[in-house]
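As they're listed, the protein sequences go chains W and Y. Residue numbering for the first sequence follows the working numbering, starting at 1 and increasing by one per position. Residue numbering for the second sequence follows the working numbering, starting at 563 and increasing by one per position. Glycine is no exception: its CB is placed at the ideal position from the N, C-alpha and C atoms. Read the structure below first, then the notes.
2 protein chains.
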Amino acid sequence: MSSYAIGLDYGTNSVRTLIVDTQSGAEVGSSVWNYAHGEKGVVIDPKDPNLARQHPRDYIDGFVASITDALRKASRVKDFAPARVIGIGIDTTGSTPIPVDREGNPLAFSKEYAHDNAALAWLWKDHTSFAEAAEITETARKLRPNYLAKIGGVYSSEWFWAKILHCKRSAPAVFDAAYTWVELADWVPAVLTGTTDPTKLRRGICAAGHKAMFHASWGGYPEEELLEKLDPALVRVRRSLPEKAYSVRDEAGRLTKEWASKLGLPEGIPVAVGAFDAHIGGIGSGITPNVLVKAIGTSTCDLMVAPLEKGIADIPGLCGIVPESILPGNFGMEAGQSAVGDILNWFVESVQPGGKEAGSHASLTERAARLAPGESGLLALDWENGNRTILVDQRLTGLIVGLTLHSTPAEIYRALIEATAFGSRIIMERFQEYGVAVDRVIACGGISQKNDLFMQIYADVMGKTIEISRSSETSALGSAMAGAVVAGKGAGGYDSFDEATKKMTGVLPKRYVPDPKRVETYNRIYALYRKIHDAFGTRDYQENLFDVMKGLLAIRDEVRGL
Amino acid sequence: MSSYAIGLDYGTNSVRTLIVDTQSGAEVGSSVWNYAHGEKGVVIDPKDPNLARQHPRDYIDGFVASITDALRKASRVKDFAPARVIGIGIDTTGSTPIPVDREGNPLAFSKEYAHDNAALAWLWKDHTSFAEAAEITETARKLRPNYLAKIGGVYSSEWFWAKILHCKRSAPAVFDAAYTWVELADWVPAVLTGTTDPTKLRRGICAAGHKAMFHASWGGYPEEELLEKLDPALVRVRRSLPEKAYSVRDEAGRLTKEWASKLGLPEGIPVAVGAFDAHIGGIGSGITPNVLVKAIGTSTCDLMVAPLEKGIADIPGLCGIVPESILPGNFGMEAGQSAVGDILNWFVESVQPGGKEAGSHASLTERAARLAPGESGLLALDWENGNRTILVDQRLTGLIVGLTLHSTPAEIYRALIEATAFGSRIIMERFQEYGVAVDRVIACGGISQKNDLFMQIYADVMGKTIEISRSSETSALGSAMAGAVVAGKGAGGYDSFDEATKKMTGVLPKRYVPDPKRVETYNRIYALYRKIHDAFGTRDYQENLFDVMKGLLAIRDEVRGL
Chain W
1 MSSYAIGLDY
11 GTNSVRTLIV
21 DTQSGAEVGS
31 SVWNYAHGEK
41 GVVIDPKDPN
51 LARQHPRDYI
61 DGFVASITDA
71 LRKASRVKDF
81 APARVIGIGI
91 DTTGSTPIPV
101 DREGNPLAFS
111 KEYAHDNAAL
121 AWLWKDHTSF
131 AEAAEITETA
141 RKLRPNYLAK
151 IGGVYSSEWF
161 WAKILHCKRS
171 APAVFDAAYT
181 WVELADWVPA
191 VLTGTTDPTK
201 LRRGICAAGH
211 KAMFHASWGG
221 YPEEELLEKL
231 DPALVRVRRS
241 LPEKAYSVRD
251 EAGRLTKEWA
261 SKLGLPEGIP
271 VAVGAFDAHI
281 GGIGSGITPN
291 VLVKAIGTST
301 CDLMVAPLEK
311 GIADIPGLCG
321 IVPESILPGN
331 FGMEAGQSAV
341 GDILNWFVES
351 VQPGGKEAGS
361 HASLTERAAR
371 LAPGESGLLA
381 LDWENGNRTI
391 LVDQRLTGLI
401 VGLTLHSTPA
411 EIYRALIEAT
421 AFGSRIIMER
431 FQEYGVAVDR
441 VIACGGISQK
451 NDLFMQIYAD
461 VMGKTIEISR
471 SSETSALGSA
481 MAGAVVAGKG
491 AGGYDSFDEA
501 TKKMTGVLPK
511 RYVPDPKRVE
521 TYNRIYALYR
531 KIHDAFGTRD
541 YQENLFDVMK
551 GLLAIRDEVR
561 GL
Chain Y
563 MSSYAIGLDY
573 GTNSVRTLIV
583 DTQSGAEVGS
593 SVWNYAHGEK
603 GVVIDPKDPN
613 LARQHPRDYI
623 DGFVASITDA
633 LRKASRVKDF
643 APARVIGIGI
653 DTTGSTPIPV
663 DREGNPLAFS
673 KEYAHDNAAL
683 AWLWKDHTSF
693 AEAAEITETA
703 RKLRPNYLAK
713 IGGVYSSEWF
723 WAKILHCKRS
733 APAVFDAAYT
743 WVELADWVPA
753 VLTGTTDPTK
763 LRRGICAAGH
773 KAMFHASWGG
783 YPEEELLEKL
793 DPALVRVRRS
803 LPEKAYSVRD
813 EAGRLTKEWA
823 SKLGLPEGIP
833 VAVGAFDAHI
843 GGIGSGITPN
853 VLVKAIGTST
863 CDLMVAPLEK
873 GIADIPGLCG
883 IVPESILPGN
893 FGMEAGQSAV
903 GDILNWFVES
913 VQPGGKEAGS
923 HASLTERAAR
933 LAPGESGLLA
943 LDWENGNRTI
953 LVDQRLTGLI
963 VGLTLHSTPA
973 EIYRALIEAT
983 AFGSRIIMER
993 FQEYGVAVDR
1003 VIACGGISQK
1013 NDLFMQIYAD
1023 VMGKTIEISR
1033 SSETSALGSA
1043 MAGAVVAGKG
1053 AGGYDSFDEA
1063 TKKMTGVLPK
1073 RYVPDPKRVE
1083 TYNRIYALYR
1093 KIHDAFGTRD
1103 YQENLFDVMK
1113 GLLAIRDEVR
1123 GL
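Structure, rendered in structure tokens:
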């Protein structure tokens, strides 16, 4: 008789519930609910392209709707019954902090702030706080350089403290009304377990360590001296935060009677501490030391882990190296690209190239696949949403070079894919430069399962065989695994992630193997990518760029046999 | 009783006949004939984006059809009669050399070479000869640096000798079969005047001086030593060329009886020596010293003249400084951009942005006009077809920087227009740096009459009031003026271009005045344009480019009030 665990996965536009057989990893029920507010779930401001918020109401409506529907679907599976669900795990986007009152209620739920964008959840891709991020970096560089070393050397506008500081300055009434700020990944477990007192809420190490400068070596969240220097009002926020953070192996609490009844689940089943979608997706992809897991979607997250006992050096430009933030028992290392699928979506949906039928992803992909590496003479920088790793600079922008009057939408589309692949290679090489060997690359996320061309380009650009995670929902699967682990072996789950990983994860038979000839061409183009990457993305590069256009044309003409 | 002159204007896609009243400048009949061969008149090779040829048959069919039709239309004007046509002038694209046999017949007319692209006319924008152009530049730099000084320091792949040398190497049979090569601007007058012996054909100074390294100071066409060094076979071509070249004030000959009869024109009327469309368009726009005439179409030609008696310094990067190549009695100075309207056409027709209706020039222009300078954060280099002035490098390519996930087609469209305006400013500043004052700017060509936004951006970027030529067909008008001048006062024409200019040309009441605030913003963006221009377009630039993206975002945020 099987047991089941639920994974709840909060993405940028929707939330998914996945119900998984804890013994086989079989996914028996799945349901997606699209957020109701804003544009595709994101509240934007036409006047400020940096703003991206979400309404917390969608988070609650979303788990009710998607759990209910997933249970209904799972009921078609003979063996399944809601009573056999043994635990719940949760993952979300992040850093997505929510201002809440003393009772843990989002300010957006109050009448007073119902129409104030600052009272909403500050979605990961909100970049309004770029000035504050730069200020935090500067201030930490002087006062606490060791803080920065753990998060890649630069504090990002996507992160916790930058957003709170920007709220203090741009919407002081909201800042004053907020008792504290809670990451979405911590807030959903609190709701499900009825944790109304924010001081009792268990905060996850994943969000705290990667985005909020939490580290055991300096006693948890950042010391008051640093925050006071930034703005004395931040000290109050700091004092609302706990001393300890938890990993996904830990319980956030137990499902309340009320929610159990409403959702049709057993009362009191354990709910795991939340984590970020991409991190938990590493678990769902079967991450172990020396495996690079790439979650490729609208953006990417590049994850590696290394055993705690071996220790690890700080790696500049990574989003963070945090003990147990991904896989308990290991350092979690996070890197990533701020936009990947989003760049292609922008091209297809905003630029709308190619007229009626020729401008779809499918059609552009088909034509782009007929091109050889270097054939278009195009080269792009993949910074349309800034650069997360290794430059950690949201104020960088996209670039395309090599355009001619003959450049086609399919060529540009391919160049944009290649740009993200080059960006991916830079991340891999940064790991390698700092002694983290990459023995395997496992990709997960929508693009990895849907787009052969994309994955083959990654294999050829990175010079690595790319394996694909068996599950198409690795984040939700990883969350379900967390649900199985907090439930424990006695309840039909597992006592460790080692066991859960062996039983519940796997890769597809299909894999993408690099072609030596294409690898060689891409090596040459990558050298040019590196030049413009360093010229536009760093302060000290002073080589001449005259050979970039020439080099691209030389490669193009060779490929075309001219 | 009025007299009339005919201007024949050979463009890239079609030929136009314009019939002009010599006393008032009134245009009484006009007709366009689209070339029949290739794509829109251009024979291309899908395998080689550099190739662009034309079939000489179109040139003959074109004057027959368009003169006949224009005469028919002019007949509606009360005063007009074909018998009152006193002269014909001709302008064409260039350098567009045609390989011909000993009888002046294009090899394309022979059975043997009827299907050989090398036997066609080598259209100005054919760039197959880029390697030969570089070789000519290198060789001349060592042997005859004074040659290069007259043509801007670099020999272009668009020009006469590069094309002939490339034919020798890539299609030796055609090269061997060609007795000589004749510019289209010289070939059409030869046809109309029955000049079948290529050694007797009068070649125009405009093509010879700007594209074929013809200069009186070294005895006309280049000395054999230089050509022999490039390829001994070129010496034979050199020997087929005359010692003297002529200006548009000179007769090429008289209209033959046969053509007069076929076209319905008076036998024996004078046909002026031909010139390039853009150069003669300077005359049709009313060019005089210290007036910058900008012919803005698919590409641009930027023209100035300076009195012969004053002498003039060599100006690096200009396409040429040639006595009497534009306005007799003056040095003619030519600069230009390899693509302007073509860049926008590429964006609209090849990228096809914005879906169905939103992607037209009209719709994009309307939306782009609502944007303020700097608002998009985008900056482009206008090199999709290489750079003619001041870098003289056809192997440069287009670039766009500042792209974000919010960039729209209208923003990109505006950035492309701005890029061409920045390129235009670089040309103007080069004239000024070398002591040629720019007191007025007169624009002509389709875009100048059709697109307010475009012209206002040029005024704001260049910081100059832009006047617009009254005639929408300044090249054809200039050719008709040449027809009137070779006919002379006695026949109802003029004895000098001074008189013809006063009577036959003018500007529109509407003019584009720079706005100080926009000028100031564009000055800031231009400084960034200059940086990427020099970084990608020259060998020695070694400043860091980190401030380019940052600078664009800073301007953007200021403009948006963020």
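query, result
"Members of the region 258-285 of chain W that neighbour chain Y once the beta carbon cut-off is set at 9 Å", "none"
"Of the residues W:PRO242, W:ASP61 and W:PHE276, the one placed nearest SER95 of chain W, counting alpha carbons only", "W:PHE276"
"Any C-beta of chain Y under 8 Å from that of PHE422 of chain W", "no"
"Residues, ordered as in the chain, of the region 336-352 of chain W that lie near chain Y by beta-carbon distance below 9 Å", "ALA339, ASP342, ILE343, ASN345, TRP346, SER350, VAL351 and GLN352"
"Beta carbon of VAL867 of chain Y nearer than 8 Å to that of ILE883 of chain Y", "no"
"Contact set between the region 609-623 of chain Y and chain W, restricted to residues whose Cβ is under 9 Å from the partner", "LYS609, ASP610, PRO611 and ASN612"
"Chain Y within 8 Å of HIS406 of chain W, Cβ atoms only", "yes"
"Below-8 Å beta-carbon distance, GLY1008 of chain Y vs any chain W residue", "no"
"CB contact below 8 Å: TYR1103 of chain Y versus chain W", "yes"
"Within-8 Å CB hit, MET1111 of chain Y to chain W", "yes"
"CB contact check: GLY152 of chain W to chain Y, cutoff 8 Å", "no"
"Sub-8 Å separation of GLY29 of chain W and GLN54 of chain W beta-carbons", "no"
"Beta-carbon contacts of ALA233 of chain W that lie in its chain and below 6 Å, excluding the five residues immediately before and after", "LYS168"
"With 16 other Cβ atoms within 10 Å as the buried cut-off, status of PRO99 of chain W", "buried"
"Three-state secondary structure (DSSP) of TRP181 of chain W", "strand"
"Chain W residues whose Cβ lies nearer than 9 Å to that of ARG1122 of chain Y", "LYS47, ASP48 and PRO49"
"Interface flag, THR538 of chain W vs chain Y, CB-CB below 8 Å", "yes"
"Rounded straight-line distance, which links the Cα of VAL340 of chain W to that of GLY219 of chain W", "36 Å"
"Residues bridged to HIS215 of chain W (per DSSP)", "W:GLY220"
"Test: LEU961 of chain Y CB closer than 8 Å to a CB of chain W", "yes"
"Cβ shell of CYS881 of chain Y (< 7 Å), same chain only, five flanking positions each side left out", "ILE713, GLY714, HIS772, GLU896, ALA897, GLY898, ARG950 and THR951"
"Identity of the residue in W:TYR458, W:LEU123, W:LYS142 and W:SER157 nearest PHE130 of chain W by Cα", "W:SER157"
"Residue interval of the alpha helix (DSSP H) (run including PHE893 of chain Y)", "First-last for PHE893 of chain Y: 892-899, but that is the beta strand (DSSP E), not the alpha helix (DSSP H)."
"Test item: CB-CB of GLY483 of chain W and ILE6 of chain W under 8 Å", "yes"
"Bridge partner(s) assigned by DSSP for GLU251 of chain W", "W:ALA272"
"Secondary structure of ARG615 of chain Y, DSSP reduced to three states", "strand"
"Contacts around ASP314 of chain W, its chain only, beta-carbon distance under 6 Å, and the 5 residues preceding and following it disregarded", "ALA149"
"Exposed unless 16 or more other CB atoms sit within 10 angstroms - verdict on LEU825 of chain Y", "buried"
"DSSP-derived helix/strand/coil call for THR862 of chain Y", "strand"
"Cβ distance (whole Å) where ASN560 of chain Y is taken to contact GLN542 of chain W below 8 Å", "Past the boundaries of the shown model lies residue 560 of chain Y; chain Y is included only from 563 to 1124, so the question cannot be answered."
"CA nearest to the CA of ASP904 of chain Y, picked from Y:TYR566, Y:ASN575 and Y:ASP571", "Y:ASN575"
"Residues sharing a beta bridge with GLU384 of chain W, DSSP", "W:GLY386"
"Test: GLY756 of chain Y CB closer than 8 Å to a CB of chain W", "no"
"Three-way DSSP call (helix, strand, coil) for PRO869 of chain Y in this model", "strand"
"CB-CB length for LEU967 of chain Y against TRP346 of chain W, believed under 8 Å", "5 Å"
"Below-8 Å beta-carbon distance, GLU366 of chain W vs any chain Y residue", "no"
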